[in-house]
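**Q** Okay, handing you the structure first.
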């Protein structure tokens, strides 16, 4: 017995990337644009979806809900008569903290791809892990909120860099908070210079028009215009 | 805790290249721009390596510094922490040249002579 050195030089997440490309090919074949919606628990991912999915002019939308457990979010979307599919990352206590390409792959046969133009995948609430795992999406949207602190982009740069749009939610609460919106936007630009952001309140509806327009644009053109 | 998923992927990658021989060292390059916690990754690796050819293997992590390049003025620099703006021209159109790596660089396997011959042929 003796020691042998073996060169590998292989991307650790190569297997995930391969499955993500297969998902993407399926979505492209059906002409479905896919948006991966990410953000911390409680940022308002489901609520920003509720505001727009029922009223996207000319766009047929479906939702894939990723949660550790339960179908609370999926039930809220289903109430809007939007087709929704649920994946749970673990049926018992404490599942995976993110969706990976293989979990989305397992849901593909359940998705009504022929009947939709846009699929929004609501990822598991988490500011670190989902950014590492592509699932076959065309664009990534990150939801943050003014109740979370202005330094979030500096603490979680990967997540804020791995997206094409940042939604700054809960702006109706600004008068009641010591939150410095300019500071958040400065930090956001520091980790992802020039990234598009939309300030909105999913509760009052303020700013949701721009979010709706962005989704329609992505669904129509299949990608994000720089 | 995506380190658990990453550790599983590292063990799977090492297994594919080990040809059934026990693995003593796994070398992984982790870019500074990846949000991977080394201690957490090592802990998870020890767990998922059990009952595999990687059981008892040492995980050696090489942290790769983040090097950015400005599209406007072509300046390249090593980034310690944000901001990502170009220090020369303050441009925001920057891309990572290094620092996004997450790869198994090499493994050390404990092989006898015949197995060596097999590995050399594959």
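Protein chains in written order, with the working numbering: chain A, 2 to 227; chain B, 522 to 643. The beta-carbon is built from N, C-alpha and C at its ideal position, and this holds for glycine as well. Fair warning: this is a prediction, and the values are worked out from it, not measured in the lab.
1. Could you check what DSSP says for residue 568/B in three-state terms: helix, strand or coil?
2. Could you tell me which residues DSSP puts in a beta bridge with residue 591/B?
3. Can you tell me whether residue 20/A is helix, strand or coil according to DSSP?
4. Quick check: the Cα distance between residue 81/A and residue 25/A, rounded to an integer number of angstroms?
5. Taking CB distances under 8 Å as the criterion, tell me whether residue 164/A reaches chain B.
6. Is there a Cβ of chain A sitting closer than 8 Å to that of residue 534/B, yes or no?
7. Mind checking if residue 194/A is an interface residue toward chain B, Cβ cutoff 8 Å exclusive?
8. If contact is defined by three or more beta carbon pairs under 8 Å, each pair taking one atom from either stretch, is the region 98-105 of chain A in contact with the region 158-166 of chain A?
9. Is it the case that the region 126-144 of chain A contacts the region 40-58 of chain A, given that we only count it when at least three CB pairs across the two stretches are under 8 Å?
10. Which residues mark the beginning and the end of the beta strand (DSSP E) in which residue 52/A is found?
11. When you compare each of 523/B, 536/B and 529/B to residue 8/A by their alpha carbons, which one comes out closest?
12. Return the chain-ordered list of same chain residues with a C-beta closer than 8 Å to the C-beta of residue 619/B, the five sequence neighbours on each side being excluded.
13. Tell me which residues of the region 597-608 of chain B have at least one Cβ-Cβ distance to chain A shorter than 7 Å, keeping chain order.
14. Should residue 134/A be labelled buried (16 or more other beta-carbon atoms within 10 Å of its own) or exposed?
15. List, in order along the chain, the chain A residues whose C-beta lies closer than 7 Å to that of residue 530/B?
16. Confirm, please, whether the CB-CB distance from residue 118/A to residue 34/A is below 8 Å.
17. Using only CA atoms, which one of 612/B, 532/B and 628/B lies nearest to residue 194/A?
18. Spell out the partners DSSP gives residue 199/A in its beta bridges.
19. May I ask you to verify whether the region 525-532 of chain B touches the region 560-575 of chain B, counting CB pairs closer than 8 Å and requiring at least 3?
20. Give the secondary structure of residue 5/A by DSSP, where H, G and I count as helix, E and B as strand, and everything else as coil.
21. Here's the rule: buried if 16 or more other CB atoms are within 10 angstroms of the residue's CB, otherwise exposed. What is residue 113/A?
22. What is the DSSP secondary structure of residue 227/A, reduced to helix, strand or coil?
23. Cutting at 8 Å between CB atoms, please list the residues of its own chain near residue 605/B, excluding the five before and the five after it.
24. DSSP on residue 540/B, reduced to helix/strand/coil?
25. Mark residue 139/A as exposed unless 16 or more other C-beta atoms lie within 10 angstroms of its C-beta, in which case mark it buried.
26. Beta-carbon within less than 8 Å of residue 85/A's beta-carbon, same chain only, minus the 5 sequence neighbours each way: which residues are those?
**A** Let's see:
1. In the structure shown, residue 568/B sits in a helix (DSSP, three-state: H, G or I).
2. For residue 591/B, the beta-bridge partners assigned by DSSP are 615/B.
3. Residue 20/A sits in a helix when the DSSP states are folded into three classes.
4. For residue 81/A and residue 25/A, the distance between alpha carbons rounds to 27 Å.
5. Output row for residue 164/A: interface = no.
6. At a cut-off of 8 Å between beta-carbon atoms, residue 534/B makes contact with chain A.
7. For residue 194/A, the answer is yes, since a Cβ of chain B falls inside 8 Å of its Cβ.
8. Under the three-pair Cβ rule at 8 Å, the region 158-166 of chain A does not count as touching the region 98-105 of chain A.
9. Short answer: they touch.
10. Here residue 52/A belongs to no beta strand (DSSP E); instead the alpha helix (DSSP H) covers 46-53.
11. Nearest of 523/B, 536/B and 529/B to residue 8/A, Cα basis: 536/B.
12. Excluding positions up to five away in sequence, the list reads 552, 585, 586, 587 and 588.
13. Those would be 603, 604, 605 and 606, in chain order.
14. Counting of Cβ neighbours within 10 angstroms places residue 134/A among the buried residues, the total reaching 16 or more.
15. When 7 Å is used as the limit between beta carbons, residue 530/B is near these residues of chain A: 13, 14 and 16, in chain order.
16. Less than 8 Å divides the Cβ of residue 34/A from the Cβ of residue 118/A.
17. Ranking 612/B, 532/B and 628/B by Cα distance to residue 194/A puts 612/B first.
18. Note: residue 199/A sits in a beta bridge opposite 168/A.
19. At 8 Å Cβ cutoff, the stretches touch.
20. Note: residue 5/A maps to strand in three-state DSSP.
21. That one is exposed.
22. Since pLDDT at residue 227/A reaches only 47, below the 50 mark, its modelled position is unreliable, and the value read off the structure follows with that caveat. Residue state, collapsed to three classes: coil.
23. Correct list, in chain order: 589, 613 and 615.
24. Coil.
25. Within 10 angstroms of the beta-carbon of residue 139/A lie 16 or more other beta-carbons, which makes it buried.
26. Within the same chain, residue 85/A has close Cβ partners 63, 64, 65, 66, 75, 78 and 79.
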